[in-house]
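Q: Sequential numbering of the sequence shown, starting at 41, is according to the numbering used here. This is the structure, below, for whatever I ask next.
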Amino acid sequence: MKLSDISLSHHYADLGDAFGTPIAPTPFAHPQLLHANPAVLRLLGIDAGEAANPAWAQLGSGARLFTGSKPLAMKYTGHQFGVYNPDLGDGRALLLGELESDGETWELHLKGAGKTPYSRFGDGRAVLRSTIREYLAGEALHGLGIPTTRALCIVGSDEPVTREKIETGAMLIRVARTHIRFGHFEYFFYTHQLEALRKLIAFTCARFLPESKDLDAAAQAEALLRFTIRKTAQMVAGWQAVGFAHGVMNTDNMSIIGDTFDYGPYGFLDDYEPEFICNHSDHTGRYAFEQQPGVALWNLNALAHALSAFVETEALRDCLEEFQPQLIDAYAERMRAKLGLATGEDGDRKLCADLLALLADGHVDYTLFFRALAHYRSERPPAALRELVPASHWEALDHWLDHYDQRLARENSDSRVRNRAMLGANPKFILRNYLAQRVIEAAERGDYQPLHTILALLQAPYDEHPEHEPWAAAPPESGKHLPISCSS
């Protein structure tokens, strides 16, 4: 498909006035295409050669609309840091429409498109720094096998935008299966628009739970909640297994289908630090890495409350009780894969917990340790692992490896087969904050080669890429705990 052949539908915008406000984007005066994502072009069925089409600068800055587009600022509300905020909505982004490709429906969303009725005191813009971070984050999570939104292109400008300092504005076209958030349901519930809430439930079920299309509103709402609980449990299990901290798990940042959504002050663990806080505005640690499973359940309770107009309380409780076992099962499956265990045993949870305690106590790099473990073949001394663990913890490491060896012996697995499988479960490359900052600083100087390089690594994070070893290295001490704000 050529760029000129793209035609968008607008089923969400057609739901009615209650669902948002039609509004045109505010384009940049001098837009410049900085990057078009070849992988997402393929996903959408767009010809690879279109990556260099100069029309992206116009389409990605709102100066020109895709055929059929009906830009809409979506209205929603939500709980921010546990407090309900009725004044939320798309304050700097517009839903452009939906694109059909290979039997899938993909929504295109222009982020940084200017003020909307929901901008409050904001300017409706995004800056190059935050745009690059979101662009890379979607590819990083996708490469790691975790459901996520992605982005089609970045368009830059010379327009000044004030954040902590004066920066330049940028936009991206975000691609998602849906932009419906927990907060959409909360909005209609708290404003007593129950017919609109029923319509939203039916719309979401028609797209993602077609088997429920003939059910009544109560049954659809319950089926949707169970679906969202399962998908959210799988998503959060993925986050915990790869060491990803979202940073702002407000209900307006939670996708109804369990895709990682709204990248702001996120961060990947360097040293294994359960209490890691990546958002420097999170003074209480509400969204610390180890708190994410509990916050996800809190958010699901908020969603369940929004559906209580249709679902009985006892049924809601029954649904919510499914979250913890589903999360535990999904996390256990991922961690067994990281440890190279093809079967499950009762003691596996303790084996994993003991290792994580060792990594936390020794301030050991999470990603590098598991990648090194993927090469482990019961050798003594375990030189590659000892390089990562302080000498004061070598005895504890050897003690854990003794138990690990016994566990492996009970499986009687071929070490070469196991190592290959573990290399496919333990990434070599992750989006460390110091690397993202390096890419941003280069881009601000007009050098986009680091962006191209890291994007390719994040899209194939389990491969060796021997020519790019420095990109897999642990950060210097100065590169740890970089302050990341919500404007990021």
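Positions of the beta carbon are idealized from the N, C-alpha and C atoms, including for glycine.
Just to confirm before moving on: does the CB-CB distance between Leu184 and Phe329 stay below 9 Å?
A: No, these two residues do not count as a Cβ contact at 9 Å.
Q: Short check: CB of Ala263 to CB of Leu240, under 9 Å?
A: No, these two residues do not count as a Cβ contact at 9 Å.
Q: Taking all protein chains shown into account, decide if Glu315 is buried (16 or more other Cβ within 10 angstroms of its Cβ) or exposed.
A: With fewer than 16 Cβ atoms within 10 Å of its Cβ, Glu315 is classed as exposed.
Q: Less than 9 Å separating the beta-carbons of Arg221 and Tyr306?
A: No, the Cβ-Cβ distance between Arg221 and Tyr306 is not below 9 Å.
Q: Check whether the Cβ atoms of Thr291 and Leu367 sit closer than 9 Å, and answer yes or no.
A: Contact flag unset, no.
Q: I need the straight-line Cα distance from Arg376 to Ser453, nearest angstrom please.
A: Going from the Cα of Arg376 to the Cα of Ser453 covers about 14 Å.
Q: Check this for me: beta carbons of Arg190 and Asn93, under 9 Å apart or not?
A: Cβ atoms of Arg190 and Asn93: not closer than 9 Å.
Q: What residues in its chain sit with their C-beta under 7 Å from that of Ala424, if we drop five residues either side in the sequence?
A: Excluding residues within five positions, the ones whose Cβ falls inside 7 Å are Ala412, His415.
Q: Mind checking which residues open and close the alpha helix (DSSP H) that includes Asp198?
A: Counting along the chain, Asp198 falls outside any alpha helix (DSSP H), though it belongs to the beta strand (DSSP E) covering 190-202.
Q: Taking DSSP as the reference, what is the three-state secondary structure of Lys115?
A: Strand at Lys115.
Q: Quick check: the Cα distance between Ala113 and Ala153, rounded to an integer number of angstroms?
A: Near 10 Å, if we compare the C-alpha coordinates of Ala153 and Ala113.
Q: Apply the 10 Å Cβ neighbour rule to Glu179 and answer buried if 16 or more other Cβ atoms are within range, or exposed otherwise.
A: Buried.
Q: Would you call the CB atoms of Thr218 and Asp299 closer than 9 Å?
A: Closer than 9 Å, so yes.
Q: Just list the residues that DSSP pairs Pro62 with in beta bridges.
A: Bridge partners of Pro62: Leu112.
Q: Can at least three beta-carbon pairs, one atom from the region 433-447 and one from the region 462-471, be found at a separation below 8 Å?
A: The region 433-447 is not in contact with the region 462-471.
Q: Helix, strand or coil: how does DSSP classify Tyr124 here?
A: Strand, per DSSP.
Q: Output yes or no for whether 9 Å exceeds the beta carbon distance between Gln331 and Gly325.
A: In contact: Gln331 and Gly325 (Cβ atoms closer than 9 Å).
Q: Whole angstroms is fine: what's the gap from Trp338's alpha carbon to Arg460's?
A: So the alpha carbons of these two residues sit roughly 38 Å apart.
Q: Report yes or no: do three or more beta-carbon pairs, one from the region 261-279 and one from the region 190-209, lie closer than 8 Å?
A: Not touching, per the Cβ criterion.
Q: What does the Cβ neighbour count give for Gln274, buried or exposed, with the cut at 16 atoms within 10 Å?
A: Under this definition Gln274 is a buried residue.
Q: Residue range of the alpha helix (DSSP H) that Asn429 falls in?
A: This sequence places Val at residue 429; Asn is not what is there. Element bounds for Val429: n/a, residue is neither H nor E.
Q: Using the C-alpha atoms, what's the distance from Lys151 back to Ala120?
A: Note on residue identity: the sequence assigns Gln, not Ala, to residue 120. Roughly 20 Å separates the two Cα atoms.
Q: Does the beta-carbon of Arg458 have 16 or more other beta-carbons within 10 angstroms, so that it is buried, or is it exposed?
A: Flag for Arg458 reads buried.
Q: Using alpha carbons as the reference points, say which of Tyr327, Leu148, Leu498 lies closest to His182.
A: Residue Leu498 is the option with its Cα nearest to His182.
Q: Just verifying my parser: in three-state terms, what is the DSSP assignment at Gln477?
A: Of the three classes helix, strand and coil, the one that applies to Gln477 here is helix, per DSSP.
Q: If you reduce the DSSP assignment to three classes, tell me which class Thr208 lands in.
A: Note: Thr208 maps to strand in three-state DSSP.
Q: Assuming contact is defined by CB atoms lying nearer than 9 Å, are Ser418 and Leu448 in contact in what I supplied?
A: Going by C-beta atoms, Ser418 is nearer than 9 Å to Leu448.
Q: Between Gly137 and His232, is the Cβ-Cβ spacing less than 9 Å?
A: Cβ atoms of Gly137 and His232: not closer than 9 Å.
Q: What would DSSP say about Thr156, mapped onto helix, strand or coil?
A: Coil.
Q: For Thr145, report the span of its beta strand (DSSP E) as first-last.
A: It spans 144-151 - the beta strand (DSSP E) in which Thr145 sits, taken as one unbroken run.
Q: If you check the beta carbons only, do Ser348 and Phe229 fall under 9 Å apart?
A: Going by C-beta atoms, Ser348 is nearer than 9 Å to Phe229.
Q: In this structure, how does DSSP classify Gln233 when only helix, strand and coil are distinguished?
A: Gln233 falls in the coil class under three-state DSSP.
Q: Alpha carbon to alpha carbon, what distance is there between Met294 and Arg203?
A: Spanning the two alpha carbons is a distance of roughly 25 Å.
Q: Would Thr383 and Ile470 qualify as a contact pair, given that the criterion is a beta-carbon distance under 9 Å?
A: Against a cut-off of 9 Å, the Cβ pair of Ile470 and Thr383 comes out as no contact.
Q: Output the boundary residues of the alpha helix (DSSP H) element that contains Gln489.
A: Unbroken alpha helix (DSSP H) run through Gln489: 489-499.
Q: Classify Thr244 as helix, strand or coil using the three-state DSSP reduction.
A: Reduced to three states, the DSSP call for Thr244 is helix.
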